[in-house]
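**Q** Numbered per the working numbering, the sequence shown spans residues 40 to 267.
Using N, Cα and C, we set each Cβ at its ideal position, and we do this for glycine too.
Note that the coordinates shown come from a computational prediction; the quantities given were computed from them, not determined experimentally.
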Amino acid sequence: MRYSRQEAFSGLGHGSQQRLNASVVTIVGVGALGTRVAELLCRAGVGKLILIDFDKVELSNLQRQTLFTESDVGISKVEAAADRLRQINSEIEIVSFDKKLAFDVVDGFIIDCTDSLEIAFMINDFCVKSKRAFIHGSAAGSRGTLYCYAADRPCLRCFIPAAKNPETAATSGILNTAVSMVATLQANEAIKHIVGKEMEKSYLRMDVWNNSFDRISVRKKKTCICSQ
């Protein structure tokens, strides 16, 4: 059976594969993080994946964006990714939107795989107001971060300054190993949430070049939107 090795893992619990097969996940940003997250969740059997991105595949993407090949250069990222994912798992539904983020097409659990703090805050605010969980991840250079938001937790605005100018692959370069680390954690925490397990509470910060991994406790700000 397709998922027999996954189902044999005791940590998932009874009925977890059925939950995965019935779940919906929206991935915002189908680049370095998004392609890897989408592939992992596709292989795990998430029932429906919604992909949102407005960019096209470039040659420089191939170093780290795992669903694309040279033949995809110049093609819409979501279209190329959707085609590859359907080849990996024809049993799940793939829906793609070649556009900027619009919340009218968002459904289910949200994973932020963009390299934009502005978009991350948009997702954060939407999820806080709608009491929806989401996972934020970022990677640049050899470093990466991850945070899992749920309705009773601090949100991104509690500990990330809005004026912060984040590093990106364009400004700091990027190791594909850093991308893989963050994306794997994003997919793993998403699976936990779907099957009813608790997601990581700390803000995770890692550096694959220096082999460092930090858990940072975060607190709600009384003046933040998540405290209202």
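(1) Does the structure place the region 53-66 close enough to the region 82-89 that three or more beta carbon pairs sit under 8 Å?
(2) According to DSSP, which residues form a beta bridge with V67?
(3) Quick one: grab the DSSP three-state call for G183.
(4) Buried or exposed: which applies to E78, given that a residue is buried once 16 or more other Cβ atoms fall within 10 Å of its Cβ?
(5) Assuming K116 and G70 make a contact with CB atoms under 8 Å, what is their CB distance in whole Å?
(6) Check each candidate in V218, K260, S241 and name the one with the smallest Cα separation from W248.
(7) Figure out for me which residue from R44, A141, F173 has the closest Cα to the Cα of I233.
(8) Quick one: measure Cβ to Cβ for A178 and V221, integer angstroms, because I've assumed they're closer than 8 Å.
(9) For R44, count the other beta carbons within 10 Å of its own beta carbon; 16 or more makes it buried, fewer makes it exposed. Which is it?
(10) With a threshold of 8 Å, are at least 3 pairs of Cβ atoms found where one atom belongs to the region 243-257 and the other to the region 100-114?
(11) Measuring only the C-alpha atoms, how far is V134 from R82?
(12) Report the start-end ranges of each alpha helix (DSSP H) in the region 202-246 that is 4 residues or longer and not cut off at the edges.
(13) Quick check on A178: does DSSP put it in helix, strand or coil?
(14) D94 and G73 - do their beta-carbons sit closer together than 8 Å?
(15) Would D151 and G68 qualify as a contact pair, given that the criterion is a beta-carbon distance under 8 Å?
(16) Measure the C-alpha to C-alpha separation of A226 and N128 and round it to an integer number of angstroms.
(17) Mark S241 as exposed unless 16 or more other C-beta atoms lie within 10 angstroms of its C-beta, in which case mark it buried.
(18) Would a C-beta distance cut-off of 8 Å place T184 and L243 closer than the cut-off?
(19) Look up V167 in the DSSP assignment and say whether it is helix, strand or coil.
(20) With distances taken from CA atoms, which of V76, Q267, K236 is nearest H53?
(21) DSSP on D253, reduced to helix/strand/coil?
(22) Compare the Cα-Cα distances from K168 to each of C187, C194, D154, A208 and report the closest residue.
(23) Could you have a look at D173 and say whether DSSP puts it in helix, strand or coil?
(24) In the DSSP assignment, find the unbroken alpha helix (DSSP H) run with V117 in it and report its ends.
(25) Given that a residue counts as buried once 16 or more other Cβ atoms are within 10 Å of its Cβ, and exposed if not, what is V76?
**A** Looking at the coordinates:
(1) yes
(2) I91, D151
(3) strand
(4) buried
(5) 7 Å
(6) V218
(7) F173
(8) 5 Å
(9) exposed
(10) no
(11) 16 Å
(12) 208-211, 215-233
(13) strand
(14) no
(15) yes
(16) 16 Å
(17) exposed
(18) yes
(19) helix
(20) K236
(21) strand
(22) C194
(23) Reading off the sequence, residue 173 comes out as Phe, not Asp. Residue state, collapsed to three classes: strand.
(24) 116-127
(25) buried
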